[in-house]
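Q: Line by line, the protein sequences give chains A and B. The numbering used here numbers the first residue of the first sequence as 41 and each following residue consecutively. The numbering used here numbers the first residue of the second sequence as 1269 and each following residue consecutively. Even glycine gets a Cβ: it sits at the ideal position worked out from N, Cα and C. As the structure is a computational prediction, the values presented were derived from the model and not from experiment. Before I ask anything, let me first share the structure, which is written out below as structure tokens.
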Amino acid sequence: MPILHELELNRRDLMVGGCTLAALTAVPTVVQAQPSPAGALALTKVSLTVNGQSHDLEIDTRTTLLDALREHLHLTGSKKGCDHGQCGACTVIIDGRRVNSCLTLAIMNEGMEITTIEGLGTPGNLHPMQEAFIKHDGYQCGYCTPGQICSGVAVLGEIKAGIPSHVTSDLTQPVTLSDAEIRERMSGNICRCGAYSNIVEAMTEVAGRQG
Amino acid sequence: MKFDKPETTNPIDQLKIVGQAVNRVDGPLKVTGAATYAYEWHDPDARLAYGYPVGSTIAKGRIATMDLSQARAAPGVVTIVTAKEAGQLGKGSLNTATLLGGPVIEHYHQAIAVVVAETFEQARAAAALVHVTYEEAEGKFDLSAEKDGLGPTDSDVKVGEFETAFAEAAVRLDETYTTPDQSHAMMEPHASLAAWDGDKLTIWTSSQMIAWSVGDVAKTLKIPPANVRVISPYIGGGFGSKLFVRSDTILAALGSRAAGRPVKIALPRPFLMNNTTHRPATIQRIRIGAGRDGRITAIAHEGWSGNLPDGDPENAVDQTKLLYAGANRLTGNRLATLDLPEGNAMRAPGEAPGLMALEIAMDEMAEKLGLDPIEFRVINDTQVDPGNPNRPFSHRQLVECLRIGAERFGWSARNARPGTARDGRWLKGIGVAAGFRNNLTTKSGARVRLDGRGVVTVETDMTDIGTGSYTIIAQTAAEMMGLPIERISVRLGDSAFPVSAGSGGQWGANSATAGVYAACVKLREIVAQRLGFNSTDAVFADSEVRSGDRRALLAHAASNGEITVEDAIEFGDLKKTHQQSTFATHFVEVAVDAATAETRVRRMLSVCAAGRILNPKTARSQVIGAMTMGVGGALMEELAVDKRRGFFVNHDLAGYEVPVHADIPHQEVIFLDEIDPMSSPMKAKGVGELGLCGVGAAVANAVYNATGIRVRNYPITLDKLITQLPSAA
């Protein structure tokens, strides 16, 4: 039954989305500029919920969520390291799961709860993971850091939720937090400065505090 | 301030704040995403436009035709600049290839145009509509094919009679090693935002060396340096890649001039590995001759590398002049002209690949002699420059690094016979290598201001590329002025500030803090005068100035207005009389899968002797980061050369593999208690490059110890092991 319920919900969400798209097509909000082989300029309205705040944007359909955050909302904490899902610097948390925001278009994220590094904490009011990164020096240049921290927060959530990883040895038992689990799950977040050893320490401390 | 005599006691020696494991002062900004990097400057009124580069798809030749019509007509396009539109450009004195190519093409992905549009998406789409045809010329892309034509040169350094001594040596090693082209692969791509105000240009960029940038931007654009302002307070990693002005800066400046609006550009990741610089590949021949007692009598290190015309060699042989004793020596570089992208400095240029080879050779030689690799290195320690015995090292604790590391790592448990230690399906091995990097110092300036609130602001064009410059500079000023670190404000990375050492060659920490020290000495004198103290016996502590039974608040000195002073540290001739170097040992344990040859690093320890450690927390991070990069160099990093078309094939972060979390175990670092009064008033040296030097060879030696397979061609990928693995018993 819970599965059915979830399916139903998804289907309804889909329909809502479909209606929204239909409505948009009905009114002339998709602006066609001069035709071009590069693809015509198509602006679309999208409402993004970022760090609990709703933002209405009218953007190029090609705009990634990362560029919507950085260039349109000026939330530049999420970093662009590679722009194609290879480095993890752009990691944000969408509905509790970490996502490479460069690999998803902004318009695909209408209605989602998006949390960026700015939503986790501020210099005057740090999230425990941010505090632990400072204490354990889990960063150097700072460019991969927001992605590491977003990923780190979500990873602890994944382990808590019992979601297995490649290194989980027993799928019938609750997932236990270990250095190997952390390293495996964090491997999509590259740190060229090489702070890995310290990041594992920071995450372990936060996990311990959470109990 | 001139530094030309060994330092005596100074206020830094109190070590109340300097030398302490202080958290990074820029930490709260970095962990919350509030630190502003080059591409992130935002002015709502600026009418910012976006640039996107177009790169050459040939390695050598000329542009035959360039059709911009479709791109110009694409939605949102503001302007397109090619070499034709840009007019006559100069070339930066630190660049080998020009940053905007055409019609002549010097390397693959050399920038040939910048498309400027209203949005990033429009610029990117339009850039794909630039149609170019080329007249391709034949290029040279294969170092090994060029090697045989390149012999000894006049610049070879000879001590004694190497050939004779080597021929007469009882035990000899003559092996050749190779290291591949490597990419810095820092996380923040090169990025610049350029804005013109009349003939004055401001560039927000990501640069390790602000003054070098100003000079080469001016030279390239043929404008006076005084008209160029460069701002770079946060840098998302550099490792040498951001020492020099790159195409992002020049394209942003040209695009902005043509558009009449500010323009920003970040080099796309798949573009930057061929567009920017890399560490050139090397072929290294090492010959070592020794007596049966293990004493080296002859040592030669020759290095072959390639670069574009007028480029420099990768100087992989330099450390061999100084690291071990031996009366007869030969070192030399042989440089091939290649048409690959520009080779240039990457973290520990020279020593990083040089020690990857030399320290395998030392391991091999120890085995030939039947000596423990640590004992062999101890036997051949030298406390003087082997090429000039009248010149001692200012401080050299390599033997201590070896001994302490061996004890901490459990070296005595190593099984000297390779391929014999098993842990289930794993073959286990441990390896050691020495690390060596010279202590470079360079002039560095700073301005310090004391205001009426008792806050000291430090301004210098020094950069923090993750090294911890903000923090150690704040510590230096706090120690000197007797203030808590919270009362220090540090402003970096702006050409409006005094010229500093910048970040490179591991000279930054020592030189830049020494510059701040010099400025603070001057500030102390003025403060003491203002408060009516004799400056020589005034004590600065607890936000006060004290002398005898008199005391006054430091802030009172500025009650009638801010005090501003500027000074620089300038280094004299101590280096001529004393060799200044930093030393390390790296210990690595690996496990190699007996069936698949998958190599896992299990334990790592580095022991460093590098003068006073200004902040053990940030210094340790630099070393563990370097150890991580060393694992990459040993096991995975290689820019694969397409020898027909002349480019690096794996030009992104999926193809060019760097270590990830799963590759790196817990890492240990030990800093030996050391101060070096010959180095600077800080008595510090550098560790950022030292930490990388030798790591790769320690991994290679551990793999050998685990498997009995000696791989002399980096990286040690499993294909080089799998056919020779000991039979899985």
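Among residues of its own chain, excluding the 5 on either side of residue 1553/B, which ones have a beta-carbon nearer than 7 Å to its beta-carbon?
A: Working through the second sequence from its first residue, we reach residue 1553/B at position 285. Within the same chain, residue 1553/B has close Cβ partners 1444 and 1570.
Q: Given a limit of 9 Å on CB to CB distance, which residues of the segment 1518-1532 of chain B reach chain A?
A: Within the segment 1518-1532 of chain B, no residue has a Cβ that lies closer than 9 Å to any Cβ of chain A.
Q: Hey, would you say residue 1869/B sits closer than 8 Å to residue 1891/B, going by beta carbons?
A: Counting from 1 along the second sequence, the entry for residue 1869/B is found at position 601. Counting from 1 along the second sequence, the entry for residue 1891/B is found at position 623. Not in contact: residue 1869/B and residue 1891/B (Cβ atoms no closer than 8 Å).
Q: Please tell me whether residue 1473/B has its Cβ less than 8 Å away from any Cβ of chain A.
A: Residue numbering aside, residue 1473/B sits at position 205 when the second sequence is read from its first letter. Closer than 8 Å: no.
Q: If we cut at 8 Å on Cβ distances, does residue 1997/B have a partner in chain A?
A: Here residue 1997/B refers to the residue found at position 729 when the second sequence is read from its first residue. Annotation note: pLDDT 48 at residue 1997/B (below 50); position unreliable, coordinate value reported separately. No, residue 1997/B lies away from the interface with chain A (no Cβ there is under 8 Å from its Cβ).
Q: Count the other CB atoms, across all protein chains shown, that sit within 10 Å of the CB of residue 1283/B; report buried if there are 16 or more and exposed otherwise.
A: For this step, residue 1283/B is matched to residue 15 along the second sequence. When all chains shown are included, residue 1283/B counts as exposed.
Q: Ignore the nearest five residues each way along the sequence and tell me which others in residue 1610/B's own chain have a CB closer than 6 Å to its CB.
A: Taking the second sequence and counting its residues from 1, the one referred to as residue 1610/B is at position 342. Around residue 1610/B: 1364, 1365, 1545 and 1576.
Q: If we count the other Cβ atoms within 10 Å of its Cβ and call it buried at 16 or more, is residue 134/A buried or exposed?
A: Mapped onto the first sequence, residue 134/A falls at position 94. By the 10 Å Cβ count, residue 134/A comes out buried.
Q: Which one or two residues does DSSP pair with residue 246/A in a beta bridge?
A: To locate residue 246/A, count along the first sequence from 1; it is residue 206. DSSP output for residue 246/A lists no bridge partner at all.
Q: How about residue 1456/B: is its C-beta nearer than 8 Å to some C-beta of chain A?
A: Residue 1456/B sits at position 188 when you count from the first residue of the second sequence. Yes, contact with chain A.
Q: Between residue 111/A and chain B, is any beta-carbon pair separated by less than 8 Å?
A: Numbered from 1 along the first sequence, position 71 holds the residue referred to as residue 111/A. Yes - at least one Cβ of chain B is within 8 Å of the one on residue 111/A.
Q: For a test of the three-state rule: what should DSSP assign to residue 1858/B, helix, strand or coil?
A: Reading the second sequence from its first residue, position 590 is the one you call residue 1858/B. In the structure shown, residue 1858/B sits in a strand (DSSP, three-state: E or B).
Q: Have a look at residue 62/A and residue 114/A and give me their C-alpha separation to the nearest angstrom.
A: For the purposes of this step, residue 62/A is taken as residue 22 along the first sequence, with counting starting at 1. For the purposes of this step, residue 114/A is taken as residue 74 along the first sequence, with counting starting at 1. Note that residue 62/A has pLDDT 36, beneath the 50 cutoff, so the model's placement of it is unreliable and the number below is only indicative. Cα to Cα, the separation comes out at about 29 Å.
Q: Within the segment 1742-1776 of chain B, note down every full beta strand (DSSP E) run reaching 3 residues or more, in order along the chain.
A: Qualifying beta strand (DSSP E) stretches, in chain order: 1756-1759.
Q: If you measure between the beta carbons of residue 1932/B and residue 1896/B, is that distance less than 8 Å?
A: Start at 1 with the first residue of the second sequence, and residue 1932/B comes out as number 664. Start at 1 with the first residue of the second sequence, and residue 1896/B comes out as number 628. A contact, by the Cβ cut-off of 8 Å.
Q: Let me check one thing: in DSSP terms, what residues is residue 1385/B bridge-paired to?
A: Position 117 of the second sequence, counting from 1, holds the residue named residue 1385/B. According to DSSP, which records beta bridges pairwise, residue 1385/B is partnered with 1318/B and 1345/B.
Q: Quick one: is residue 211/A buried, meaning 16 or more other Cβ sit within 10 Å of its Cβ, or exposed?
A: Counted from its first residue, the first sequence places residue 211/A at position 171. Result: exposed.
Q: Under the rule that 16 or more other beta-carbon atoms within 10 Å means buried, what is residue 1729/B, buried or exposed?
A: Here residue 1729/B corresponds to residue number 461 of the second sequence, with the count starting at 1. It counts as buried.
Q: When you compare only the Cα positions, how much space is there between residue 1905/B and residue 1377/B?
A: For the purposes of this step, residue 1905/B is taken as residue 637 along the second sequence, with counting starting at 1. For the purposes of this step, residue 1377/B is taken as residue 109 along the second sequence, with counting starting at 1. The alpha-carbon atoms of residue 1905/B and residue 1377/B are separated by roughly 21 Å.
Q: Taking C-beta pairs closer than 7 Å, name the residues in chain C that residue 1935/B reaches, listed in chain order.
A: Annotation note: the requested chain C is absent from the structure, which comprises protein chains A and B.
Q: Among all the DSSP beta bridges, which residues are the ones paired with residue 1442/B?
A: Here residue 1442/B refers to the residue found at position 174 when the second sequence is read from its first residue. According to DSSP, residue 1442/B bridges with 1555/B.
Q: Along the chain, where does the alpha helix (DSSP H) that runs through residue 1525/B open and close?
A: Within the second sequence, residue 1525/B is the residue found at index 257, counting from 1. Note, residue 1525/B: alpha helix (DSSP H), 1515-1527.
Q: Mind listing, in chain order, the continuous beta strand (DSSP E) runs of no fewer than 3 residues lying wholly within the segment 1828-1857 of chain B?
A: 1831-1839
Q: What residues of chain B sit near residue 143/A, judged by a beta carbon separation below 9 Å?
A: Stepping through the first sequence from its first residue, residue 143/A is reached at position 103. Neighbours of residue 143/A on chain B: none; closest Cβ ~13 Å, over 9 Å.
Q: Quick one, are the C-beta atoms of residue 1861/B and residue 1679/B less than 8 Å apart?
A: Start at 1 with the first residue of the second sequence, and residue 1861/B comes out as number 593. Start at 1 with the first residue of the second sequence, and residue 1679/B comes out as number 411. Not in contact: residue 1861/B and residue 1679/B (Cβ atoms no closer than 8 Å).
Q: Does the beta-carbon distance from residue 1945/B to residue 1279/B come in below 8 Å?
A: By 1-based counting over the second sequence, the position of residue 1945/B is 677. By 1-based counting over the second sequence, the position of residue 1279/B is 11. The answer is no: Cβ separation not under 8 Å.
Q: So, are the CB atoms of residue 1524/B and residue 1368/B less than 8 Å apart?
A: To locate residue 1524/B, count along the second sequence from 1; it is residue 256. To locate residue 1368/B, count along the second sequence from 1; it is residue 100. Annotated as distal: residue 1524/B and residue 1368/B, with beta-carbon spacing of 8 Å or more.
Q: Can you check whether the C-beta of residue 1896/B is within less than 8 Å of a C-beta belonging to chain A?
A: Translated into positions along the second sequence, residue 1896/B becomes position 628. Judged by the 8 Å Cβ criterion, residue 1896/B is in contact with chain A.
Q: Can the beta-carbon of residue 1768/B be found less than 8 Å from the beta-carbon of residue 1476/B?
A: Taking the first residue of the second sequence as position 1, residue 1768/B is located at position 500. Taking the first residue of the second sequence as position 1, residue 1476/B is located at position 208. At a Cβ-Cβ threshold of 8 Å, residue 1768/B and residue 1476/B do not count as neighbours.
Q: Would residue 1625/B and residue 1584/B qualify as a contact pair, given that the criterion is a beta-carbon distance under 8 Å?
A: Here residue 1625/B refers to the residue found at position 357 when the second sequence is read from its first residue. Here residue 1584/B refers to the residue found at position 316 when the second sequence is read from its first residue. Contact: yes.
Q: Ordered along the chain, which non-local residues of its own chain (more than five positions away) have a Cβ less than 6 Å from that of residue 246/A?
A: Within the first sequence, numbered from 1, the residue matching residue 246/A stands at position 206. For residue 246/A, where only same-chain residues beyond five positions count, the Cβ hits under 6 Å are 168, 169 and 172.
Q: Whose C-alpha, out of 1455/B, 1327/B and 1415/B, is nearest the C-alpha of residue 128/A?
A: Translated into the one-based positions of the first sequence, residue 128/A becomes position 88. Selected option, being the one with the closest Cα: 1455/B.
Q: Out of 1371/B, 1805/B and 1799/B, state which residue places its alpha-carbon closest to the alpha-carbon of residue 1827/B.
A: As a first step, residue 1827/B must be located in the second sequence, where it is residue number 559. That would be 1799/B, whose Cα lies nearest to the Cα of residue 1827/B.
Q: Just list the residues that DSSP pairs residue 1463/B with in beta bridges.
A: Position 195 of the second sequence holds residue 1463/B. BP columns for residue 1463/B point to 1470/B.
Q: Using a beta-carbon distance below 8 Å, is residue 1297/B in contact with chain A?
A: Residue numbering aside, residue 1297/B sits at position 29 when the second sequence is read from its first letter. It does; some Cβ of chain A falls within 8 Å.
Q: Along chain B, which residues have their Cβ under 8 Å away from the Cβ of residue 194/A?
A: Looking up residue 194/A in the first sequence gives position 154. What residue 194/A touches in chain B: nothing, since even the nearest Cβ is about 14 Å away.
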